[in-house]
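In my numbering, the protein residues as written are 845 to 965. Glycine is no exception: its CB is placed at the ideal position from the N, C-alpha and C atoms. None of these values were measured; they are calculated from a predicted model. Remarks on the structure that follows.
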């Protein structure tokens, strides 16, 4: 079976990454490819959601991901979004300090979503 490209775009930085996997990719290999593409630790958890034809994000389970991979193996294209669920306390503390500095200087803060867009073709 042909190889497939996993293309990722980080929502925060807009950094683009690409990883190739076999067309008959299994779940473990898929998870490893996503983690490798973004430099996540092997144990780093993240959630997955499927994007339907209307562009709505729908949370999916591991079982549902297996079905989505079956779509991939049938040469269909699908998109999933995932959000890294790890928030390190030190990073949170640093963010709070930066926000306090921005507020102290009367600057506006911009809300940031901590997710990534992932497209497989």
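Query, Result
"For residue 909 and residue 897, the rounded distance between their alpha carbons", "16 Å"
"Outcome for residue 872 when other beta-carbon atoms lying within 10 angstroms are tallied against a minimum of 16", "exposed"
"Sequence-distant residues of its chain with Cβ nearer than 7 Å to residue 907 (five each side left out)", "none"
"Residue 962 (DSSP reduced to helix, strand or coil)", "Since pLDDT at residue 962 reaches only 45, below the 50 mark, its modelled position is unreliable, and no value is offered."
"Whole-angstrom distance between residue 911 and residue 927, CA atom to CA atom", "Per-residue confidence for residue 927 stands at a pLDDT of 40, beneath the threshold of 50, marking its modelled position as unreliable; no derived number is given."
"C-alpha distance - residue 875 paired with residue 917, whole-angstrom precision", "16 Å"
"Beta-carbon contacts of residue 864 that lie in its chain and below 6 Å, excluding the five residues immediately before and after", "847, 849"
"Helix, strand or coil at residue 865 according to DSSP, with G and I counted as helix", "strand"
"Contact under 7 Å by Cβ, residue 861 with residue 877", "no"
"Euclidean distance between Cα positions of residue 903 and residue 859", "23 Å"
"Same chain only: Cβ atoms within 7 Å of residue 914, ignoring 5 sequence neighbours per side", "none"
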